[in-house]
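Data first, discussion second: the structure below is written as structure tokens.
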Amino acid sequence: MFSTLKNKIIALVIGLLVVSILASGVFLKINQGQIALLKSDLARSELSRSNLQKDLTSVSDSLEDAEKDKENLLSSLNLLAKALSDRERDRNDIKQEFAASNKELKHVFDGASDEKTKSWGTADIPADLNRVLERSARCANRYRNQDSVCFPVTGTDQPVHRSTIFQQEKPRTF
């Protein structure tokens with residue numbers, strides 16, 4: 002009985018050892034799989050971190066460019082504001098000069114004793130002269146450079162006569 006009990010205990014211990022070895026092998030495989038999953042997750046995290054770093058660099062560069070553009074626009078805005086204020090100041094100066102010259106002209110015509118001067122001062126400006134003045138004022142603007150009213154469609158330019166200045170120089174021979 003002892004021998005059978007001893008054999009049973011040995012068999013039980015061996016069985017428990019086999020089960021524990023198998024269980025530890027299974028746990029080892031499960032742990033290795035989890036380690037592999039964690040390593041792949043780590044690799045994906047590193048890849049996404051590097052992508053985010055590239056995106057951050059790109060966004061910060063574009064932000065710096067936008068700040069430079071903003072500074073350029075602000076300086077352009079300041080220049081434009083100065084130009085507009087200068088223009089308005091010049092306009093006011095011209096208005097004042099025009100008013101002063103009109104006042105002086107009125108004074109000259111009112112104080113004139115000559116009948117010819119008085120009749121000339123009260124006469125209307127001819128319509129043709131008004132048209133010429135309006136056309137010249139209109140064509141003086143830069144944006145009307147291609148206007149057919151200002152510049153005739155058919156050119157009035159004459160070709161340049163060929164002269165020695167425009168001809169190719171011939172080499173001198175000795």
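Residue numbers (our numbering): 2 to 175.
Don't be surprised by glycine CBs; every beta carbon is placed ideally from N, CA and C.
If I follow the unbroken alpha helix (DSSP H) through alanine 138, where does it start and stop?
128-140
Near threonine 123, which residues of its chain fall below 7 Å by C-beta distance, leaving aside the five closest residues on each side in sequence?
none
Three-state secondary structure assigned by DSSP to alanine 124
coil
Rounded to whole angstroms, how far is the Cβ of lysine 119 from the Cβ of alanine 113, which I believe are closer than 8 Å?
5 Å
Straight-line gap, asparagine 8 to leucine 23 (C-alpha atoms, nearest Å):
22 Å
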